[in-house]
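Numbering that gives the first Met the number 0 puts the last residue of the sequence shown at 113; the count rises by one with no breaks.
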Amino acid sequence: MSLGERLFDLRQNAKVSLQTVADAIGISKAHVWELEKGHSTNPSFELVQKLARYFGVTPEALIGEVEVPTPQVQMANRIHRDLKTLSERDLELIEGMVQTLRRQSGAASEEGTR
């Protein structure tokens with residue numbers, strides 16, 4: 000699988016637009032499209048790092064040297080990256096949401112075993 004195909008798959012799994020990626024990385028929408036289509040085949044290492052960080056993968060995974068992590072791991076990596084910028088109050092809200100989801104998931108699991 001080429002870098003462009005992996006990039007496309009990552010973007011589709013993250014359910015984000017070309018423009019969203021472009022804005023987050025600081026490049027044009029057309030440049031992201033060219034990368035995905037294989038028209039721009041020699042991106043700078045800095046660009047590869049930015050794209051990898053955005054999608055929660057390593058540069059090695061993005062260029063195909065190692066396996067791309069599962070979508071769940073990618074999401075966890077993106078969330079972890081973004082947590083660093085949140086306020087203490089926001090972190091407390093997220094912790095509360097996680098606890099609520101765990102309780103709901105546990106309740107749903109218990110109902111399924113009855």
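No residue lacks a Cβ here, since even glycine has one placed at the ideal position from N, Cα and C.
Mark residue i as exposed unless 16 or more other C-beta atoms lie within 10 angstroms of its C-beta, in which case mark it buried.
i	result
Glu66	exposed
Arg5	buried
Glu91	exposed
Gly105	exposed
Glu35	buried
Gly3	buried
Quick one: Cα of residue i to Cα of residue j, how far?
i	j	result
Ala29	Arg10	15 Å
Asp22	Val15	11 Å
Ile93	Ala60	29 Å
Phe7	Asn76	18 Å
Leu82	Gln98	17 Å
Leu85	Val56	21 Å
Val31	Asn41	13 Å
Glu33	Leu17	10 Å
Glu87	Pro70	27 Å
Ser39	Thr19	19 Å
Among residues of its own chain, excluding the 5 on either side of residue i, which ones have a beta-carbon nearer than 8 Å to its beta-carbon?
i	result
Ser1	Gly37 and Gly63
Ser27	Ala21
Arg80	Arg52 and Gly55
Judging by CA-CA distance, which residue of the options is the nearest neighbour of residue i?
i	options	result
Ala51	Met74, Ser39 and Val97	Met74
Does the distance from the CB of residue i to the CB of residue j come in under 8 Å?
i	j	result
Phe44	Ala13	no
Pro58	Val72	no
Lys49	Ile24	yes
Spatial neighbours of residue i within its chain, please: C-beta separation below 6 Å, excluding the five flanking residues on both sides.
i	result
Asp89	none
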